[in-house]
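Okay, so here's the structure we're looking at.
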Amino acid sequence: MRLTSILCGFRKKMPPGNIWTGKHRMVYKHNEENGERLRKRFAIEEQTMFYLRHSFLTQEEEHGFSKALGKREKWLSEKIITQQGRPYKPHVTLEDRLEGPLTASNNLVVQPLGSLDISCFSNFFPSLKKAAN
24 MRLTSILCGF RKKMPPGNIW TGKHRMVYKH NEENGERLRK RFAIEEQTMF YLRHSFLTQE
84 EEHGFSKALG KREKWLSEKI ITQQGRPYKP HVTLEDRLEG PLTASNNLVV QPLGSLDISC
144 FSNFFPSLKK AAN
């Protein structure tokens, strides 16, 4: 069984949740590749923070630019079109939902047991076949 698990690549049972966080987390060993990857991520994050701190336009310039393009009016018109064109389901009351089952149960006719035709069961029960004849 151990040979099969080794050959098939089955690992032993893992703990639930994320194994890299928490009180009993696994700590991986650092090597040069991991350090380089971490430095690269920090460099990208630092560049992003730089762009956020030093924006190309001020807020007033950006507001005037979007106003000149008519972005808000375009957004409002699209919003109104989507709201008007949305197909709504019709309102349904409880009486409408129960109309079918209630009428079906009120029209139910129960046959007495004596009038039941047992010839349909004769193929399944040979003793009924003899009794019917």
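Under our numbering, the first residue of the sequence shown is numbered 24, with each subsequent residue one higher.
The C-beta atom is built at its ideal place from N, Cα and C for all residues, glycine as well.
Note that the structure is predicted; figures quoted are calculated from it, not measured.
(1) Return the chain-ordered ranges of every beta strand (DSSP E) run that is complete within the stretch 57-112 and spans a minimum of 3 residues.
(2) Using only the alpha-carbon positions, how far apart do K63 and H77 sit?
(3) Check R25 in the structure and name its three-state DSSP category.
With the given structure in hand:
(1) none
(2) What you label residue 63 is simply residue 40 of the sequence shown in a count that begins at 1. What you label residue 77 is simply residue 54 of the sequence shown in a count that begins at 1. So the alpha carbons of these two residues sit roughly 21 angstroms apart.
(3) As a working note, residue 25 is residue 2 in the sequence shown. It is helical.
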